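Data block below; observations after.
In structure tokens form, the structure reads like this:
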């Protein structure tokens, strides 16, 4: 079993260098939530040359729209949403200094090459493991776009947020490598 | 004639919405537990263990298994000898969704205009309601919170009869392959074949309600379900798309008659958190 790597935000490219696809990572510190609607607004701001609501440099964006916090909790269930929908907006965010993203599912070619260029990493959280993931969230507050409801940008303080390295700085992709390792053709299975 | 008050319908829809999101049925848990043993990838095995742990945590803490508590899909079989009184049936269902999603701290995921405004309706309404008139004087309700990630990987294809069963199997397999890690595998693959364009899609969704251990009643189609499951699990996608043996937990097929010119095939993908709860009123 590979050992778990502990990371604390903000991130630098140097901190990300040792990471390899499949590594288990525990993230602590401040991370920001944004999904479809917030990405659209963030990308529009960058395009207009305006300041985003938080400094992207060295930060991680978590693609999540959490469930409402029940009494006694800081956040409701909070697993990742599918990442490819954020692909059209992602290269601009990486250019603005974003160093990490947490989501689920593979990224498009343009995002993979933009990550390599900018020295950023994509982490996969477990889709549908939303209660366990929420347990690592220590505090949550909306910092922008409150009108978007679950899609607002939240600042989360997390402790040991569990995820897996999906794209590393060397350009490896767990979604390609993993599938190629376990793929087999049907005739083999039947024989 | 037997009468049923709409307020009872609202109350039950609210209850079923909450329970479906907190408590996963045993068939999925049992299947994952069983298949975990067959998984060859250590990462995949670990992933399945976390998913099982999460179902338990959700039930214990009374929290939704997944933050995506879905579009509320409601299947309502209405007995023809039942008289619904006290208000509008559709509004009663929506009131139930509104209440359940508020009281259960479930996420509100519906936007009003699908393209231009995309403003959140704030209460997860409107529900998607499929009604059928059936014999009897009961109302059978099923609430299916359907997550967006898996729904997005679904497709209807108008095939031709010359494509045959191989063509159908290729399409279903290809649809799952193209979905990769996006729909939160291990998935359940719902397939609707026949009817017309929209009926095939409804059949596919209905097939997802069948318990996992219950195969198609027809021997030929049961064999196709089995063969498709093998092909899909040969793709190597594995839990969450990280690579592995277990890509799908089951393939469920529903068929019906169709036009001599047509062969509609719908694939409705369901994530591992296959949530649905029913009640008879």
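Residue numbers (my numbering), protein chains in the order written: chain A, 1 to 191; chain B, 192 to 472.
Every residue, glycine too, gets a C-beta built ideally from N, C-alpha and C.
None of these values were measured; they are calculated from a predicted model.
Chain A within 9 Å of residue i, Cβ atoms only
i, result
"residue 443/B", "no"
"residue 256/B", "yes"
"residue 261/B", "no"
"residue 469/B", "no"
"residue 299/B", "yes"
"residue 339/B", "yes"
"residue 290/B", "no"
"residue 316/B", "no"
"residue 365/B", "no"
"residue 238/B", "yes"
"residue 231/B", "yes"
"residue 154/B", "The structure shown has nothing for residue 154/B, since chain B only spans 192 to 472."
CA-to-CA distance, residue j to residue i, given in whole angstroms
i, j, result
"residue 277/B", "residue 198/B", "7 Å"
"residue 92/A", "residue 422/B", "39 Å"
"residue 35/A", "residue 73/A", "22 Å"
"residue 128/A", "residue 37/A", "21 Å"
"residue 279/B", "residue 328/B", "18 Å"
"residue 31/A", "residue 62/A", "7 Å"
"residue 290/B", "residue 301/B", "15 Å"
"residue 223/B", "residue 52/A", "43 Å"
"residue 409/B", "residue 446/B", "10 Å"
"residue 466/B", "residue 118/A", "40 Å"
"residue 405/B", "residue 417/B", "12 Å"
"residue 369/B", "residue 273/B", "45 Å"
"residue 270/B", "residue 320/B", "16 Å"
Contacts of residue i in chain A (Cβ-Cβ under 8 Å)
i, result
"residue 296/B", "67, 68, 69, 70 and 76"
Sequence-distant residues of its chain with Cβ nearer than 6 Å to residue i (five each side left out)
i, result
"residue 303/B", "310 and 312"
"residue 175/A", "106"
"residue 75/A", "66, 69, 134, 137 and 140"
"residue 366/B", "346 and 458"
Neighbourhood of residue i by C-beta distance below 7 Å, restricted to the same chain and skipping five residues each side
i, result
"residue 245/B", "256"
"residue 236/B", "227 and 230"
"residue 337/B", "261, 262 and 264"
Residue environment, residue i, which counts as buried when at least 16 other CB atoms sit within 10 Å
i, result
"residue 345/B", "buried"
"residue 326/B", "exposed"
"residue 104/A", "buried"
"residue 83/A", "buried"
"residue 460/B", "buried"
"residue 193/B", "exposed"
"residue 349/B", "exposed"
"residue 150/A", "buried"
"residue 296/B", "buried"
"residue 100/A", "buried"
"residue 471/B", "exposed"
"residue 324/B", "exposed"
"residue 185/A", "exposed"
"residue 201/B", "buried"
"residue 39/A", "buried"
Min CB distance residue i to chain B below 9 Å
i, result
"residue 160/A", "no"
"residue 121/A", "no"
"residue 90/A", "no"
"residue 47/A", "no"
"residue 186/A", "yes"
"residue 37/A", "yes"
"residue 84/A", "yes"
Under 9 Å from the C-beta of residue i: neighbouring residues of chain B
i, result
"residue 183/A", "425, 426, 427, 428 and 434"
"residue 180/A", "427 and 434"
Contacts that residue i makes with chain B (C-beta to C-beta distance below 8 Å)
i, result
"residue 148/A", "311"
Residues that residue i contacts on chain A, provided the C-beta gap is smaller than 9 Å
i, result
"residue 224/B", "What residue 224/B touches in chain A: nothing, since even the nearest Cβ is about 16 Å away."
"residue 208/B", "Those do not exist, as residue 208/B stays about 13 Å from chain A at its closest Cβ, beyond 9 Å."
Residue i: contacting residues in chain A (beta-carbon distance under 7 Å)
i, result
"residue 463/B", "128"
"residue 241/B", "126, 129 and 132"
"residue 252/B", "131"
"residue 422/B", "186"
"residue 144/B", "This structure gives no information on residue 144/B, because the portion of chain B shown stretches from 192 to 472."
8 Å Cβ shell around residue i - same chain, five flanking residues per side excluded
i, result
"residue 96/A", "46, 52, 56 and 57"
"residue 293/B", "314"
"residue 285/B", "316, 317 and 318"
Chain B contact residues for residue i, given Cβ-Cβ distances below 7 Å
i, result
"residue 175/A", "371, 372 and 432"
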